[in-house]
Structure formats: C-alpha cells, structure tokens
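First up is the structure itself, then whatever we jot down about it.
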Amino acid sequence: MLEVKSISKDWKEFRLRELSFEVKNGEYFIILGPSGAGKTLLLEVIAGIFSPDEGRIFMNGADITELAPEERGLAYIPQNYALFPHMTVYSNISYGLKIRKVPKSEIDRKIREISDILGISHLLHRKPKTLSGGEQQRVAIARALVIEPELLLLDEPFANLDIQTRGKLIGEMKRWRKELGFTALHVTHSFEEAVSLGDRVGVMLNGQLIQTGTVRDVFSRPANEEVAKFLGFENIIEGIAEGRILKANGLEIELPEEAEGRVRAGLRPEDIILSLEPIKTSARNEFKAEVDAVEELGPLVRVRLKSEGVELRAFITRSSMLEMGIEKGKEVYVSFKASALHVF
Amino acid sequence: MRRDYTIYLFAALGSFLIVYIALPLAVIFTKQASDWGMLVRTLHDPLVLEALRNSLFTATATALIALLLGVPLGYVLARREFRGKSLIQAVVDVPIVIPHSVVGIMLLVTFSSAILDSYTGIIAAMLFVSAPFTINAARDGFLAVDERLEHVARTLGASQMKAFFTVSLPMALSSILSGAIMTWARAISEVGAILIVAYYPKTAQVLVMEYFNNYGLRSSRPISVILVVMSLTIFIMLRWLVGREANA
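Chains as they are written, first to last, in the numbering used here: chain C, 110 to 453; chain P, -10 to 237.
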C-alpha cells in the first residue's frame, strides 16, 4: 500500500534521515519514537504538506512524491485534531464528502452510519470547542474515515487525553478497526499504544528508523542498545486469553484480570525471580526455563531465557549469578506474580 | 489589609484621554442643538447633500478595493516566508508615516491628470492612506488560523483555493471586516491628500474646510455635526454587526 523509500528532509530543528518502510494493506503500523524524533514531520511529508529533500513515496506502486495533498487519497489527523472551529460537528465530518460532491442524502446516510459506530450521533449539531478531548478525537476520526481513505495518518491521537479516556479509546480503536477495516500509520511516543494497537512497529530515533518488525520481534530483540533503552527492556508475551489464563505457545500464564482473544502482556525483567528449585511463594506463575544467554551489564546481569518457546529476559545481580551458577544451557525456574503482568 | 492602588492610578491617568476625545464631541453637539435652524437649513442645502453622497460613495468604494487587493496580500504575508518580506511589511505601513498633504503631492506627481479632480482621484487618495488597515487586519486574521486546519482540509480533498475559501477566509472574516471598517472610517475622514488631488467632485470633509475658510466657524459646524453623526452611526453599526458575527 504505502511505500516510503529513503526519505530525507531537514526542516527547522527536525530532520529525517533515509527513512524506508512499508505499510501493508489493512495493517496498523506504528512508528514509535521519543518526542523530537521527527515523527510529525514524517507524517507531513507523507501527507504532502512538505516535500522531501530526497527519496520517493509510493501508494499502491504509483509514485505520489510530487502530488498535492488532495490527490493522495489519504487522511491526516494532526495531534490537536484540527477540527474546523467555525463548523458544526456535522459539517466537519461532511467536509470531505461535500468537496467530492457526494449527493446530500448519501452524505447524510454516511454520517449517520459512521457517527453511530464512533458514538458521536448526539454531538452532530455541536461546535467543536464545546466537546471534550475524547469527543473531539472521535469527530476527527469520523471526519477522516468517512471519505474512505486508502490510508489513515494519525499523529499522537491519544496524547492529549487523560489516562482513563485514553485507555478507553485505545480499546475502542481496536473495535473501530475491526468494523471499518482501515489501514493506519500511527506515530506515537507511547509504548502502550504501540503494544496495544500495532501489527508492526518501527522504532524511530533522531530522525532515523532504527528497527521495524512485528511488535513481539521489536520488543524481544531490540536491534541495539539505544532501542532497548528506549523500549525499557520489557518482556512482551503474546497469546490467546481465555478468562484469566493466557496461552502463549506451551505456557499457561495466569493474568491479573479477565481477557478474551489475542492479547499481549508486558512484564518487567526485574519482576522475574529465578531459582534452581521450584519454590513456594505467592507468585502464581512458575515455569521451567532454559538459559539462552547471559549478558553482563556491570553490577547487573541480563539473563535471556526460553520456556516452551516463549522468550523472557530477567535481571539478576552478578553475585546471584555466580552463586546460582547461571550460564548458557542451565535449567532454572522462573516465577513472577500475576499482578506484575500488564495486559495491553 | 494592604490595598493595591496601581490599577486605580492607571485608570485615572488613562481617563484623561477618554475625556479628551469625548469632550469636543459633546460640546459640538450641544452648541449645535442651540442653533437648530442652521442645522435644518444645512440639511436642505443641495451642495451639502451632494458632498455627503460623494464622501459615502468614495469611502465605500475604497473599502471594497482594499478588501479585494488587501486580503490576498494579507494571506501571503501570513503564510509565506520570503526574502524581502520585512521590506514589503514596511511598505505596507509607509502611508501611516507620510503627511497626507505629501501623499497628495506624490500621487499627483505620479499619476497627474489621470486622477486630478475626479472620483478616481478621491478614491486613489483614500486608498493610499487607508489600505494598510485592511492588509494588516487580514494578515493578523490569517495568522490566527492554525495552518494545520488548511493542511487537514487539503488531505480531505480540498484544493488550496478551496481550503482558503472554506476554512481560512471564514475564520479570518471578522478580523478582515474589522480592518475594512477601519479602512472605511479612515477613508471618510481623509482631507489632506484629497484637497490636493481632487478638490472636486466635492466631498463633505472638504466642504467643511471650504465653509470654514469662506464663512467661518458657525457655517462649518452643522456639516461637521452631520458628518460626525453619519460616520459614527455607520461605524458603530458595522462594528456591532461584525462583533455579533464573531461571537456567533
């Protein structure tokens, strides 16, 4: 669908350096990077607001690098949503349809349909400034999706929301995606959004795309120390949840809360306890694992483990390592509390 | 408890200017009220009526021309950075610092008989001194419109022109109209440049001067009062309309 080929661009204090990646049809692609990494600039280059200094952009094989924004067939939602303040919600959503000269009855039908799905039917007559942040965000999404764009560009769509609204909307976003089936390129600095929504992730640091891959790959095998540091060394366990049990490969892991379907759970390496024998503790999860690698990081040691095909990383001190005789190939028991798991 | 008097001091100092502006207005109205006959006679003077009509017509035409040419310029100044932009900005503000008699001379030297003693001449003089209000107001109005709104309009399928007319212009409109009203007000109060460029067709503001020179204060007062009433009424009405629009 979208193919970005070695894009470079300097603009004010931001820079993009030879970025290349691809967003596939129907995919939710997340670009994860700290603020100032150039994420917004990248979206603006793809949207056609700025032209790149170098590189090409393709949509479905056609070169769109020189096309005007309105000729690209994509919709852009900037971070502040940029709702038209002088129009009602209804007029905001109908904007793109009116420009396409869609008949009035058709516009009406489409708006009813999308506002039903997004839960904003009761807001259609209101002006944007009377809406809450979450409501504004829904309107922005409706306005973008109603024109059925090939690709939706989202710039930090959840950043301006309070924590509760954010959590709720991230959940809803998964549902909207299922119902409306759009392709999205979403940039964010939020680890949580990447893990919750992303099919694939690209990690962007200092204007460069350092690593792209599936969420699990990127999180479990950071390309370099910089990426690992940015991602916070989290273990991401992917599997199918049934109630309080998460089935990941051969493991059955107890979750702190009920969940259904495909979910990801995060676990901090420092929350994993290693022991040579099974131990009786309050930890609900204990598995046999094999040490895959040991990396010394000064006083701490990172131990890579494999248990029934699930990769885990744990931190222990150097002295524990020596005392327990941990080395590659050794069999140990890993345990962690269900409450240490974060379900995304 | 310690009271803070700064704001009262400032208000006291500032009120001097308010009184200074309001007092002559009040005085001229009161004086004229005691000389009702003269006012009625002036209102029946065909020369006066003709002059008032000329003033209204030329000031309105000036405001419209300023809108047509000033709004695009204001948009460019708000949206683009280019070499020599500060020079252009300075040129826009030049009319404010040039004495208006000099403006008249300059226009006459440049365009000579093309504008001498004609409606074109009056409008030319008015436009020169009053266009900056519309240009600057339009620029400020467009600056206040988040550029991202235009970007979003573009990605939703609007051409640059369409985005301008559906998003930027409606949002900047109240600021632009305020500027146009200022342009109109400045135009109808212009004398210096008009005196030199186009003494005829006679405008009310020139007629006031002529009556003062020929017949003295008492004869020029009624036209002054009529001119003030007319200008203020229209000015206040337009401001009110624009203000209501802006709050809607």
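For each residue, glycine too, the CB sits at the ideal point set by N, CA and C.
Assignment of residue 113(C) by DSSP, reduced to helix, strand and coil, places it in the strand class. By a beta-carbon distance limit of 8 angstroms, residue 104(P) contacts residue 187(P). Their separation comes to about 7 angstroms. Annotation: residue 33(P) is outside any beta strand (DSSP E) and is labelled neither H nor E by DSSP. Judged by pairs of C-beta atoms under 8 angstroms, the segment 239 to 259 of chain C touches the segment 215 to 230 of chain C, as three or more such pairs exist. Relative to the Cα of residue 322(C), the nearest Cα in the group 309(C), 329(C), 316(C) belongs to 309(C). A Cβ-Cβ distance of about 16 angstroms is found for the pair residue 409(C) and residue 344(C), leaving them out of contact under the 8 angstroms criterion.
Annotated as distal: residue 51(P) and residue 155(P), with beta-carbon spacing of 8 angstroms or more. Annotation for residue 176(P): the continuous alpha helix (DSSP H) segment containing it runs 158 to 177. Taking a Cβ-Cβ cut-off of 7 angstroms, the neighbours of residue 195(C) in chain P comprise 159, 160, given in sequence order. Excluding residues up to 5 positions away in sequence, 194 lie with their Cβ nearer than 6 angstroms to the Cβ of residue 180(P) in the same chain. Per DSSP, the unbroken beta strand (DSSP E) holding residue 399(C) starts and ends at 394 to 406. Pairwise C-beta distances place the segment 51 to 70 of chain P in contact with the segment 108 to 128 of chain P, as three or more of them are shorter than 8 angstroms.
With respect to chain C, the C-beta atom of residue 209(P) has no partner C-beta closer than 8 angstroms. Judged by their CB atoms, residue 406(C) and residue 296(C) are not nearer to each other than the 8 angstroms cut-off. The beta carbon of residue 209(C) sits closer than 8 angstroms to some beta carbon of chain P. Residue 242(C): member of the alpha helix (DSSP H) spanning 242 to 254, first to last residue. The beta-carbon separation of residue 192(P) and residue 111(P), rounded to 6 angstroms, stays under the 8 angstroms limit for a contact. Identification of chain P residues near residue 185(C) by a Cβ-Cβ cut-off of 8 angstroms yields 140, 141, 144, ordered along the chain. In the DSSP assignment, residue 357(C) is bridged to 360(C). Against residue 156(P), the close residues of chain C are 193, in the order they occur along the chain (beta-carbon pairs closer than 7 angstroms). A residue is called buried when at least 16 other Cβ atoms come within 10 angstroms of its Cβ; residue 10(P) does not meet this threshold and is exposed. If only uninterrupted alpha helix (DSSP H) runs of at least 4 residues are considered, those enclosed by the segment 190 to 220 of chain P are 193 to 204. Distance from the CA atom of residue 215(P) to the CA atom of residue 188(C), rounded to whole angstroms, is 55 angstroms. For residue 178(P), the closest of -5(P), 217(P), 113(P) by C-alpha to C-alpha distance is 217(P).
Annotation for residue 44(P): 177, 192, 193 place their beta carbon closer than 6 angstroms to its own, counting only its chain and skipping 5 residues before and after. In this chain, residue 105(P) is not harboured by any beta strand (DSSP E), its DSSP state being neither H nor E. Counting of Cβ neighbours within 10 angstroms places residue 160(P) among the buried residues, the total reaching 16 or more. Residue 169(C) and residue 113(C) have their alpha carbons spaced roughly 11 angstroms apart.
The bridge partners DSSP lists for residue 149(P) come to none.
Between residue 376(C) and residue 354(C), the C-beta gap is not smaller than 8 angstroms, which leaves the two residues out of contact. Taking the CA atoms as reference points, residue 26(P) sits about 11 angstroms from residue 33(P). Contact with chain P is found for residue 189(C), since one of that chain's Cβ atoms lies less than 8 angstroms from the residue's Cβ. 233(P) is the residue among 37(P), 89(P), 233(P), 203(P) whose C-alpha sits nearest the C-alpha of residue 166(P). If you look at residue 264(C), you'll find it in the beta strand (DSSP E) that goes 260 to 264.
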